[in-house]
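**Q**
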Amino acid sequence: MIHLSAFADEISADLDEQIAVLKSENIHFLDLRSVWNTNVLDLSDQQIASVKETLDRQGVGVACIGSPIGKVPIDSSFEEHLQRFERAIELAHILQTRFIRIFSFYPAASKGGEGNQPATYRDEVLNRLKALLARVQSTQLVLLHENEKEIYGDTIASCVDLLKNCEHPQLQAAFDPANFIQCAQVPYPDAYDALQPWLRYVHVKDALANGEVVAAGEGVARWPEILERLRADGYDGFLSLEPHLALSGRYQGFSGPALFRRASQALQQMLQAMGWTYA
Numbered sequence: 001m002i003h004l005s006a007f008a009d010e011i012s013a014d015l016d017e018q019i020a021v022l023k024s025e026n027i028h029f030l031d032l033r034s035v036w037n038t039n040v041l042d043l044s045d046q047q048i049a050s051v052k053e054t055l056d057r058q059g060v061g062v063a064c065i066g067s068p069i070g071k072v073p074i075d076s077s078f079e080e081h082l083q084r085f086e087r088a089i090e091l092a093h094i095l096q097t098r099f100i101r102i103f104s105f106y107p108a109a110s111k112g113g114e115g116n117q118p119a120t121y122r123d124e125v126l127n128r129l130k131a132l133l134a135r136v137q138s139t140q141l142v143l144l145h146e147n148e149k150e151i152y153g154d155t156i157a158s159c160v161d162l163l164k165n166c167e168h169p170q171l172q173a174a175f176d177p178a179n180f181i182q183c184a185q186v187p188y189p190d191a192y193d194a195l196q197p198w199l200r201y202v203h204v205k206d207a208l209a210n211g212e213v214v215a216a217g218e219g220v221a222r223w224p225e226i227l228e229r230l231r232a233d234g235y236d237g238f239l240s241l242e243p244h245l246a247l248s249g250r251y252q253g254f255s256g257p258a259l260f261r262r263a264s265q266a267l268q269q270m271l272q273a274m275g276w277t278y279a
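Position one of the sequence shown corresponds to residue 1 (the UniProt record's numbering), numbered consecutively onward.
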C-alpha cells in the first residue's frame, strides 16, 4: 500500500501547526526538512528529542530526512559536507527512517563559462556520491537522489548517468516531475521510463510548461497517468507532497496551510478517483 507524506515545513515553521494540518488531511508521515526555521541537520540534540517525542505522541512518522546534502557547489569543502552527512545518518537512525534525500552538487562557485559545464565536474560528482555510499554500506539506509534544477543530476540523461555509474542498491531515485519540467525535460513518459529501475520515492508537485509550480494535476506533468503507471508497476512507497505553491526557492519552498490543503486534496482526489487505496 502506498503512503502519503509531506514536506511539512511547507505548511508552517511551527511543528505543532505542521502536525495539525497533516492530521486534518489524514497524512501520517512527514519528510523532515526544517522545523522552527532551522534546517534538520542544524537542529540540536535537544530539539531532535523534542521533535521525536512530539511526533511519537501524535502518531506521525518520519518518511525521509529531507537533507540538503549535495546542494552545495562541487568545489566546496567535501570534508565539511561529510560531517553534515554523518549528522543526517545519525538523525535517520534516531527518527527511524531508512531514507535520506540527497542532491548531486551545483557547478563550481569559482568558475564560469564552458569550464563549468556538467561534463567538467562529472567525475568529482561520482566520486562524492560513492564516498557518501561508503558511509552507509554498513546500514540499511537508502540515499534518494532528487532531480533538482541546476545540480549535476537535473536532466534525464545525467540522472541515469550517475545512477548507472554508482550502481548501488542504496542509491535510488526520488522522482520529481515538476523539477524535470523546469529543466525542459518530459517527466512522463520519458523521465519515468528512464528512471523506473531506480524509482523508490515520489515527490508530488506539478508545473506549467513555463516552469510555474502548480498543484498536481494542474500542470503538464500528466499526474493521472503517472499514478496509473506507478500502480501498474507495483509501486508501494511514499507519495510526498512538496507543493511550493506560495514560494519556490533554491533551498526550500513554502505553501502555507490553505495552499497546502489545496495541494493535498488535489492528490487525494486523483487517488480516490482511480480507486487506489492509500494510508
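No residue lacks a Cβ here, since even glycine has one placed at the ideal position from N, Cα and C. Just so we're clear, the structure is a prediction, and the values are computed from it rather than from any experiment.
1) Give the list of continuous alpha helix (DSSP H) stretches no shorter than 4 residues that lie fully inside the stretch 70-113.
2) Taking the alpha carbon of Gly66 as the point to measure from, which residue in Glu124, Gln182, Ala266 and His145 has its own alpha carbon closest?
3) With a threshold of 16 other CB atoms inside 10 Å of the CB of Trp223, please say whether the residue is buried or exposed.
4) Is DSSP giving Gln268 helix, strand or coil here?
5) Beta-carbon separation of Leu241 and Trp198 under 8 Å?
6) Taking 8 Å as the threshold, find out whether the stretch 51-62 comes into contact with the stretch 258-271 through three or more Cβ pairs.
7) Which parts of the stretch 212-249 are runs of the beta strand (DSSP E), unbroken and 3 residues or longer, counting only runs that do not cross its ends?
8) Below 8 Å, how does it come out for the stretch 93-106 and the stretch 136-153: are there three or more Cβ pairs, yes or no?
9) Taking Asp45 as the reference, give the member of Ala6, Glu90, Ser12 and Ala20 with the closest Cα.
10) Less than 8 Å between the beta carbons of Leu245 and Val204, yes or no?
11) List the DSSP bridge partners of Ser5.
12) For Gln185, I'd like the list of residues in its chain whose CB is within less than 7 Å of its CB, leaving aside the five on either flank, ordered along the chain.
13) Between Ala63 and Ser158, what straight-line distance do the alpha-carbon atoms span, to the nearest angstrom?
14) Distance check for Ile2 and Ile181, CA to CA, integer angstroms please.
15) Applying the 10 Å Cβ sphere with the 16-neighbour rule, what's the burial state of Lys23?
16) What separation, rounded to the nearest whole angstrom, lies between the Cα atoms of Ala173 and Arg200?
17) Which partner residues of Val142 appear in the DSSP bridge assignment?
18) Could you give the distance in angstroms between the alpha-carbon of Ala6 and the alpha-carbon of Ser138?
19) Closest by CA to Gln83, which one among Ile94, Gly59, Asn210 and Leu41?
20) Locate the beta strand (DSSP E) running through Tyr190, then write down its first and last residues.
21) From which residue to which residue does the alpha helix (DSSP H) around Asp16 run?
22) Output the boundary residues of the alpha helix (DSSP H) element that contains residue 286.
23) What residues in its chain sit with their C-beta under 7 Å from that of Ala215, if we drop five residues either side in the sequence?
24) What residue range does the beta strand (DSSP E) around Arg33 cover?
25) Just to confirm before moving on: does the CB-CB distance between Phe175 and Leu143 stay below 8 Å?
26) Who are the near neighbours of Val160 in its chain, counting only those whose CB is closer than 6 Å to its CB and skipping five residues on each side?
27) Can you tell which of Ser34, Gln58 and Ala134 has the C-alpha that lies nearest to the C-alpha of Cys166?
28) What separation, rounded to the nearest whole angstrom, lies between the Cα atoms of Glu228 and Phe29?
29) State the beta-bridge partners of Leu132 as determined by DSSP.
**A** For this structure:
1) Listed in chain order, they are 78-94.
2) Across the set Glu124, Gln182, Ala266 and His145, the C-alpha of His145 shows the shortest separation from the C-alpha of Gly66.
3) Around the Cβ of Trp223, a 10 Å sphere holds 16 or more other Cβ atoms; the residue is buried.
4) Assigned with DSSP and collapsed to three states, Gln268 falls in helix.
5) No.
6) Contact annotation: the stretch 51-62 does not touch the stretch 258-271, with fewer than three C-beta pairs closer than 8 Å.
7) Runs found: 238-241.
8) Yes, since at least three Cβ pairs between the stretch 93-106 and the stretch 136-153 fall closer than 8 Å, the two stretches touch.
9) Relative to Asp45, the option among Ala6, Glu90, Ser12 and Ala20 whose CA is nearest is Glu90.
10) No, the pair does not count as a contact, with Cβ atoms beyond the cut-off.
11) Bridge partners of Ser5: Ser240.
12) Counting only Cβ-Cβ distances below 7 Å, and skipping sequence neighbours, we find Thr155, Ile156 and Ala191.
13) If I take the Cα positions, the gap works out to 26 Å.
14) The alpha-carbon separation between Ile181 and Ile2 amounts to approximately 24 Å.
15) Classification for Lys23: exposed.
16) Each residue's Cα considered, the two are about 6 Å apart.
17) Note: Val142 sits in a beta bridge opposite Phe99.
18) Distance from the CA atom of Ala6 to the CA atom of Ser138, rounded to whole angstroms, is 28 Å.
19) When each option's Cα is compared against that of Gln83, the closest is Leu41.
20) Residue 190 is actually Asp in this sequence, not Tyr. For Asp190, there is no enclosing beta strand (DSSP E), as DSSP gives it neither H nor E.
21) That run of the alpha helix (DSSP H) goes Leu15 to Ser24.
22) Here the chain has residues from 1 to 279 only, and residue 286 is not among them.
23) Closer than 7 Å at the Cβ level, and outside the excluded window around Ala215, lie Asp206, Pro243, Leu245, Arg262, Ala263 and Ala266.
24) Looking at the DSSP string, Arg33 is not in any beta strand (DSSP E), and its letter there is neither H nor E.
25) Against a cut-off of 8 Å, the Cβ pair of Leu143 and Phe175 comes out as no contact.
26) Take Val160, set aside five residues on each side of it, and the residues of its chain with a beta-carbon closer than 6 Å to its own are Ala194, in chain order.
27) Comparing alpha carbon positions, the residue from Ser34, Gln58 and Ala134 closest to Cys166 is Ala134.
28) C-alpha separation (whole angstroms): 22 Å.
29) In the DSSP assignment, Leu132 forms no beta bridge with any residue.
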